[in-house]
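The listed protein sequences correspond, in order, to chains A and B. All you need for our numbering is the position in the first sequence, starting with 1, plus 9. All you need for our numbering is the position in the second sequence, starting with 1, plus 9. Even glycine gets a Cβ: it sits at the ideal position worked out from N, Cα and C. Right, one structure below, let's go through it.
Protein chains: 2
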Amino acid sequence: MKQALLEAQKAGDRGEVPVGAVVVCKDRVIARAHNLTETLTDVTAHAEMQAITAAASTLGGKYLNECTLYVTVEPCVMCAGAIAWAQTGRLVFGAEDEKRGYQRYAPHALHPKTVVVKGVLGDECAALMKNFFAGKRR
Amino acid sequence: MKQALLEAQKAGDRGEVPVGAVVVCKDRVIARAHNLTETLTDVTAHAEMQAITAAASTLGGKYLNECTLYVTVEPCVMCAGAIAWAQTGRLVFGAEDEKRGYQRYAPHALHPKTVVVKGVLGDECAALMKNFFAGKRR
Chain A
10 MKQALLEAQK
20 AGDRGEVPVG
30 AVVVCKDRVI
40 ARAHNLTETL
50 TDVTAHAEMQ
60 AITAAASTLG
70 GKYLNECTLY
80 VTVEPCVMCA
90 GAIAWAQTGR
100 LVFGAEDEKR
110 GYQRYAPHAL
120 HPKTVVVKGV
130 LGDECAALMK
140 NFFAGKRR
Chain B
10 MKQALLEAQK
20 AGDRGEVPVG
30 AVVVCKDRVI
40 ARAHNLTETL
50 TDVTAHAEMQ
60 AITAAASTLG
70 GKYLNECTLY
80 VTVEPCVMCA
90 GAIAWAQTGR
100 LVFGAEDEKR
110 GYQRYAPHAL
120 HPKTVVVKGV
130 LGDECAALMK
140 NFFAGKRR
């Protein structure tokens, strides 16, 4: 999750909502990504989406059932759907997102076999988001 | 929707689940796409996702609030999330997807302003899917 936080910081540094994601497979980081929706003018360029695409490319297969996806903020509905299609083995996220998180809109969207761990470095992940939006309002 | 059906047929012809999508803005087709998940080894490569990315690229902006997305099959949760983030003005789909469609898992996932029209050329869109999966089982 510390690696994911570094990615989130990179997003924040370029004016993107600071969300970072990392995919780990067999103790090896196989993908890192951060939110690039503004840079790419593309709403689908969330950190998780890019990490999933990159991880599948590295593995040469669509499914991430032996992988863990670490992401600093609770995935949205779109990303939860992608995490499900990839049959991701484990999802670990930091801060909850009460407004846009999948738990509110699609609590059963994930693959039933995906193990979910919440709140890892949650305060640090949430602080990055809060500081970003506080800066925007200044 | 006929254009979206042509896209779906292209997907089927290359062994992909036959789903096609088209984005129309001010009476002009600005994006066409079909499912490429197998070809790209990428679960995020649904027709809608690619069409949204392509349309935003054409317009030079993230939002599709003045656009209509035509898709042959009811979007999944992932695609519904993307359609929401893009603030898509209108969503028109053909066949319903009771197993994977967003209406089952995330009925409130779309942007509240998105107008939804269902069942357009629904029989034709559904027939493409049925024939594809019947062929797979042979």
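Within a 10 Å sphere around the beta-carbon of alanine 143 of chain A sit fewer than 16 other beta-carbons, which makes this residue exposed.
Residue pairing by DSSP puts leucine 78 of chain A in a beta bridge opposite A:Val32 and A:Leu100. As the crow flies, the alpha-carbon of glutamine 12 of chain B is around 31 Å from that of alanine 63 of chain A. Neighbours of alanine 91 of chain A in chain B, taken as residues whose beta carbon is under 7 Å from its own, are Val52, Thr53 and Met87 in chain order. A:Val31 is the residue among A:Val31, A:Lys122, A:Val26 and A:Ala20 whose C-alpha sits nearest the C-alpha of threonine 77 of chain A.
For valine 26 of chain B, there is no enclosing alpha helix (DSSP H), as DSSP marks it with neither H nor E. Taken in chain order, the whole beta strand (DSSP E) runs of length 3 or more contained in the stretch 91 to 142 of chain B are 99 to 104 and 124 to 127. Checking the DSSP bridge columns, you'll see histidine 43 of chain B partnered with B:Gly29. For the pair glutamate 16 of chain B and glycine 29 of chain B, the CB atoms are nearer than the 8 Å cut-off. Contact annotation: alanine 118 of chain A and alanine 93 of chain A have beta-carbon atoms nearer than 8 Å. With a cutoff of 8 Å on beta-carbon distance, leucine 130 of chain A and methionine 10 of chain A are scored as near each other. Here glutamate 25 of chain A is buried: its Cβ has 16 or more other Cβ atoms, across all protein chains shown, within 10 Å. Proximity of chain B to threonine 46 of chain A at the Cβ level (cut-off 9 Å) is accounted for by Lys71 and Trp94, in chain order. Residue pairing by DSSP puts arginine 37 of chain A in a beta bridge opposite A:Cys34.
Listed in chain order, the non-local C-beta contacts of arginine 41 of chain A below 6 Å within the same chain comprise Glu16 and Val31, local neighbours out to five positions each way being set aside. Among the CB atoms of chain A, none fall inside 8 Å of the CB of threonine 77 of chain B.
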